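Residue numbers (our numbering): 457 to 1058.
Note that beta-carbon positions come from the ideal geometry of N, C-alpha and C, so glycine has one too.
Since we're looking at a predicted model, the values are computed, not measured.
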């Protein structure tokens, strides 16, 4: 694609037009920029990722939706910042709870531990805690079913806040759809004397899920509308940031925007409390726009990112594994990215793995050491050295992530140990202007991505948050691009996703409807046949609730590709299974179906 054509496409906002996929909420629309990303080269994949991420920062001018920098959004952020500022000045018997499911819960954990660490450095008591659906296991592995349990969410919040006189609750649900978070918001609204609820998401209120939640007649949309009623001490922060690069994959832009929004609020409140000043909308805007620089600084290294994607794709295609070996909070970003590949791409836990220097001591999670739960919970560098390193070969890829503030001698020793097993070693390294580059390590590695940052203000915490976002963008690009090259994406849809909760069930239906052109009813019927492995649906199946379907789906693999082949070919399940066995790459299987179903020319 010519540069001027690419620029023109980046400037279009087709996804905002009323007629563009009107039946899907913004977070579930397909991004018109990336409709052929499955056929793109690594360099083009990076350009598409950069363009999609840039949509986070687009202004409201000509927009149908409220955007990140809109006055209404920034005003709500200011009000939440003021509440937190008051708590920081008088923290006795107070608590700030960040909660979410999947990626949102992992980011809640990241920020709660980060800001508790800041308080500890200032010799103050911890004020933050986190909740993630599925408990600490969900920090490292896919635990999708608890997302659908509003009662579990409510009971977890009630327990963690027992005895507190004031609680600021921040619930994160990118699609305004997670019943787990909805149950917590409902509980907060029933106890306004203690709880001040904040909801963060990236759909308009009118697009919140309107399906009754398990065990309740209440819908997420009705709950959000209740938050909007006059007199409620509740806030909704829901800028539209545009469709994801891979449709519905909220770990990407949704996760980045969550980090930007909440770090802006939390860091601004801390600064105001320390300096005895008050936050203005101008201060919040300036902090958020600093993250726009992170975007440009990161993607200025597009060639190196593309090379990493190429190497990652090759390793995954060969059946090798990808290992992120990292130091400090970058290690947590590696763990998060690796855990998200399982539900998104139907990956095995060994395909992409993360390791952090101090293991659970550095992770500092509530439940502590989880290694007894299985090998997928072994996350320290020692675990990597003992369990993974001995079996590495050149088909495997190792990416080391660190900063100039980490022990560089230790990094070099790790590189030398890895080099004994594989030459496929890469570096992602952050440093300040004037600090030593990774020149001595470069000859040992296949590639070096060294991001140099301007010498900062005295706020080193902000600098580390920016390094985290930059690393997140790179890791998302590496794992997404690698799985695209492996054939796990069709057009821009995560075709091999796991259908393990209501959100993913509805997403699977949307994907089938979009790609097949069939009716919603037919798509759902075919999906159910694939889930239950039957040619004919019984009344017990059709009358069951979505939750029941997701339990059955969790025991099966490739249900969405199977259903799609059935729809495109009009064939039986057994015929569809045979085609998928002949074409294990989903894109090739689907294209073979399209080709074989097209009448030949006379």
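Check	Outcome
Along the chain, where does the beta strand (DSSP E) containing residue 588 start, and where does it finish?	584-588
Consult DSSP for residue 1055 and reduce its assignment to one of helix, strand or coil.	Its pLDDT being 48, under 50, residue 1055 is placed unreliably by the model, and the measurement read from it follows with that caveat. Coil, per DSSP.
Three or more beta-carbon pairs under 8 Å between the region 575-590 and the region 645-656, yes or no?	no
Out of 832, 601, 982, 633, state which residue places its alpha-carbon closest to the alpha-carbon of residue 660.	633
Shorter than 7 Å from the beta carbon of residue 797 to some beta carbon of chain B?	In the displayed structure, chain B is absent; only one protein chain is listed.
Helix or strand or just coil, what does DSSP make of residue 908?	strand
Can you give me the C-alpha to C-alpha distance between residue 1044 and residue 534, rounded to a whole angstrom?	50 Å
Just to confirm before moving on: does the CB-CB distance between residue 571 and residue 791 stay below 7 Å?	no
Flag this pair as touching only if the region 978-998 and the region 826-840 have three or more C-beta atom pairs under 8 Å; answer yes or no.	no
Cα separation between residue 713 and residue 514?	12 Å
Looking at the secondary structure, which residues open and close the alpha helix (DSSP H) in which residue 940 lies?	916-942
Which of the three DSSP states is assigned to residue 703 in this structure?	strand
Buried or exposed for residue 541, please, with buried defined as at least 16 other CB atoms from any protein chain shown within 10 angstroms of its CB.	buried
Would DSSP call residue 627 helix, strand or coil?	strand
Using the Cα positions of residue 720 and residue 924, report the straight-line distance between them to the nearest angstrom.	14 Å
From residue 786 to residue 927, what distance separates their C-alpha atoms?	7 Å
Applying the criterion that 16 or more other CB atoms from any shown protein chain within 10 Å of the CB defines a buried residue, is residue 531 buried or exposed?	exposed
Of the choices 619, 622, 648, 678, whose alpha-carbon is the least far from that of residue 638?	678
Can you grab the Cα-Cα spacing for the pair residue 808 / residue 758, in whole Å?	22 Å
Out of curiosity, what's the CA-to-CA distance linking residue 777 and residue 810?	11 Å
Do you know whose CA, among 539, 489, 960, lies nearest residue 550's CA?	539
How close, in whole Å, do the beta carbons of residue 630 and residue 555 come, if the pair is a contact with beta carbons under 8 Å?	The Cβ separation is near 13 Å, so there is no contact.
Assuming residue 1004 and residue 958 are in contact, meaning their beta carbons sit under 8 Å apart, how far apart are those beta carbons, in whole angstroms?	With a Cβ gap of about 11 Å, residue 1004 and residue 958 do not count as contacting.
Using a Cβ-Cβ cut-off of 6 Å (strictly less than) and excluding sequence neighbours within five positions of residue 783, which residues of its own chain qualify?	813, 858, 862
Quick check: the Cα distance between residue 498 and residue 934, rounded to an integer number of angstroms?	10 Å
With a CB to CB cut of under 8 Å and the five nearest residues on each side skipped, what residues in its chain are close to residue 619?	549
Taking Cβ positions, are residue 486 and residue 703 nearer each other than 7 Å?	yes
What number of angstroms, rounded off, separates the C-alpha of residue 874 from the C-alpha of residue 880?	9 Å
If you count every other CB in all the chains shown that lies within 10 Å of the CB of residue 817, and 16 or more means buried, which is it?	exposed
Rounded to whole angstroms, what's the CA-CA distance from residue 522 to residue 476? Just pull it up for me.	17 Å
Determine the burial state of residue 600: buried for a count of at least 16 other Cβ atoms within 10 Å of its Cβ, exposed for fewer.	buried
Pair every Cβ in the region 599-613 with every Cβ in the region 669-688, then say whether three or more of these pairs are closer than 8 Å.	yes
Closest by CA to residue 892, which one among 916, 728, 865?	865
Please check the pair residue 907 and residue 753, which I expect to be a contact at CB under 8 Å, by giving their CB distance rounded to whole angstroms.	6 Å
If I measure Cβ to Cβ from residue 737 and keep anything under 6 Å in the same chain, skipping five residues before and after, which residues do I get?	530, 534
Checking 7 Å against the spacing of the C-beta atoms, do residue 658 and residue 553 come in under that value?	no
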